[in-house]
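J.: Quick note: the sequence shown uses full-length UniProt numbering, first residue 1, plus one each step.
By construction, the Cβ of each residue, glycine as well, lies at the ideal position given by its N, Cα and C atoms.
Since the structure is predicted, the reported quantities are computational estimates derived from the model, not experimental observations.
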Amino acid sequence: MTRYSELRAELASLTTEAFRPELAEIDRLPTEDIARLMNGEDQTVPSAVAAQLPAIAAAIDATAERMARGGRLVYAGAGTAGRLGVLDASECPPTFNTDPSQVVGLIAGGPTAVVTSVEGAEDSRDLAAEDLDALKLTPDDTVVGVSASGRTPYALGAVEHARAQGALTIGLSCNADSPLAAAADHGLEVVVGPELLTGSTRLKAGTAQKLVLNMISTITMIRLGKTYGNLMVDVRASNAKLHARSHRIVALATDATDAQIEKALTAADGEVKTAILMLLADVTAERADQLLTEAEGHLRTALAVGNCSAGAGRVGTAEPTAPGAPVPPRHPGAGRP
1 MTRYSELRAE LASLTTEAFR PELAEIDRLP TEDIARLMNG EDQTVPSAVA
51 AQLPAIAAAI DATAERMARG GRLVYAGAGT AGRLGVLDAS ECPPTFNTDP
101 SQVVGLIAGG PTAVVTSVEG AEDSRDLAAE DLDALKLTPD DTVVGVSASG
151 RTPYALGAVE HARAQGALTI GLSCNADSPL AAAADHGLEV VVGPELLTGS
201 TRLKAGTAQK LVLNMISTIT MIRLGKTYGN LMVDVRASNA KLHARSHRIV
251 ALATDATDAQ IEKALTAADG EVKTAILMLL ADVTAERADQ LLTEAEGHLR
301 TALAVGNCSA GAGRVGTAEP TAPGAPVPPR HPGAGRP
């Protein structure tokens with residue numbers, strides 16, 4: 001058996017590559033019927049993700065623990081999977097004010113492969129090792145190999161090399177009993193079944209991967225104190241929309257007046273967390289920064305300490321809040337601070 005015949009046999013065994021005879025004449029259907037079919041297919045994806053939630057949560061907790069020590073989150077994949085990793089990584093700096101080096105997306109073939117196919121790149125384990133070596137991995141880093149089939153050499157090579165370097169590894173695939181999941185510390189197998197178009201894993205498999213990557217990055221950042229409730233208090237105001245959002249976030253958290261918010265944001269050099277802490281704990285920008293540093297960036301913890309120091313609970317509590325206890329955000333109508 002030749003290499004390619006072996007590969008064909010291997011692909012034929014994957015659910016993501018399975019042929020669906022009931023869709024053999026899909027091209028003859030009216031457009032709206034095809035749209036309904038696709039929509040129905042997509043509705044099955046969340047339940048496939050739900051089946052993996054315990055495993056996803058365990059992987060996230062392990063990731064957050066390492067990132068709290070200064071580690072990085074690295075996605076590695078080829079084709080659609082690689083592009084999704086690059087996309088998720090690129091969204092973290094504007095959303096959570098992370099340094100671009102904290103969440104990294106590696107794609108087989110390099111940046112060019114984001115917009116065009118780089119032939120043969122996904123077939124190289126060595127290329128993945130080289131890309132990771134350029135990052136100088138540490139045991140506090142987390143590498144997430146992403147592959148719909150669970151057998152892509154680049155993703156497998158990334159996980160195997162990262163694990164050998166002592167980094168935490170996560171393998172995300174859309175087939176059961178995949179080599180990728182077996183190679184990783186945390187295997188996540190979101191089995192979405194055959195695609196509408198045979199083997200087109202940019203469809204349900206890609207949707208599933210995007211949902212899981214959303215969870216990994218978002219919940220990790222929540223655990224790192226990048227949010228206050230469901231407010232993005234570490235948002236970076238890099239454009240007009242985000243500046244307006246920063247103002248609105250401070251308003252939702254404090255119910256302060258526009259003038260108070262602008263004054264606080266100016267004193268805080270645009271840092272939303274600092275501005276909120278200034279308004280709710282009635283402290284200077286310098287004191288707010290000090291409290292946040294001592295709380296390792298967790299606004300709830302800083303508020304608890306700041307309010308206790310002030311001798312009053314300024315976030316809607318009748319008594320000073322004990323350090324470490326939950327401090328709910330204010331909401332409009334709760335009264336001005």
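(1) By DSSP's criteria, ALA76 is part of a beta bridge. Which residues make up the other side?
(2) Could you check which residue in ALA253, HIS243, THR95 and GLY77 has the C-alpha nearest to that of ALA113?
(3) Please report the residue range of the alpha helix (DSSP H) in which HIS243 lies.
(4) Assign ASN39 to buried or exposed, taking buried as 16 or more other Cβ atoms, counted over all protein chains shown, within 10 Å of its Cβ.
(5) Please list, in chain order, all residues of the same chain as ALA267 whose beta carbon is under 6 Å from its beta carbon, the five residues on each side excluded.
(6) Express the C-alpha separation of VAL159 and ALA208 in angstroms, rounding to a whole number.
(7) Quick check: what's the CA-CA separation for ASN214 versus ALA51?
(8) Check whether the Cβ atoms of GLY85 and VAL45 lie closer than 7 Å to each other.
(9) On the DSSP bridge assignment, give the partners of GLU160 in chain order.
(10) For ALA302, count the other beta carbons within 10 Å of its own beta carbon; 16 or more makes it buried, fewer makes it exposed. Which is it?
(11) Beta strand (DSSP E) containing THR198: first to last residue?
(12) Between which two residues does the beta strand (DSSP E) containing LEU127 stretch?
(13) Would you kindly work out how many angstroms separate the C-alpha atoms of ALA62 and MET278, rounded to a whole number?
(14) Along the chain, where does the alpha helix (DSSP H) that runs through LEU280 open and close?
T.: On the basis of the coordinates in this document:
(1) Here residue 76 refers to the residue found at position 76 when the sequence shown is read from its first residue. Answer is LEU106 and GLY145, bridged to ALA76.
(2) By 1-based counting over the sequence shown, the position of residue 113 is 113. Out of ALA253, HIS243, THR95 and GLY77, GLY77 has the C-alpha closest to the C-alpha of ALA113.
(3) Residue mapping note: residue 243 aligns to position 243 of the sequence shown, counting from 1. Counting along the chain, HIS243 sits inside the alpha helix (DSSP H) bounded by residues 240-254.
(4) Position 39 of the sequence shown, counting from 1, holds the residue named residue 39. Counting Cβ neighbours within 10 Å, ASN39 comes out exposed, since fewer than 16 surround it.
(5) Reading the sequence shown from its first residue, position 267 is the one you call residue 267. Closer than 6 Å at the Cβ level, and outside the excluded window around ALA267, lie ALA285.
(6) Taking the first residue of the sequence shown as 1, we reach residue 208 at position 208. Taking the first residue of the sequence shown as 1, we reach residue 159 at position 159. Distance between the alpha carbons of ALA208 and VAL159: 20 Å.
(7) Counting from one through the sequence shown, the residue named residue 214 turns up at place 214. Counting from one through the sequence shown, the residue named residue 51 turns up at place 51. In a straight line, the C-alpha of ASN214 is about 16 Å away from that of ALA51.
(8) Here residue 85 refers to the residue found at position 85 when the sequence shown is read from its first residue. Here residue 45 refers to the residue found at position 45 when the sequence shown is read from its first residue. It is not a contact, given that the beta carbons lie outside the stated cut-off.
(9) Within the sequence shown, numbered from 1, the residue matching residue 160 stands at position 160. Bridge partners of GLU160: none, in fact.
(10) If you number the sequence shown from 1, residue 302 lands on position 302. By the 10 Å Cβ count, ALA302 comes out buried.
(11) To locate residue 198, count along the sequence shown from 1; it is residue 198. Careful: THR198 lies outside any beta strand (DSSP E) and carries neither H nor E.
(12) Position 127 of the sequence shown, counted from the start, is the residue given in the question as residue 127. Premise fails: LEU127 lies in the alpha helix (DSSP H), 125-133, not in any beta strand (DSSP E).
(13) To locate residue 62, count along the sequence shown from 1; it is residue 62. To locate residue 278, count along the sequence shown from 1; it is residue 278. Near 33 Å, if we compare the C-alpha coordinates of MET278 and ALA62.
(14) Locating residue 280 in the sequence shown gives position 280, counting from the first residue. 272-281 is the extent of the alpha helix (DSSP H) around LEU280.
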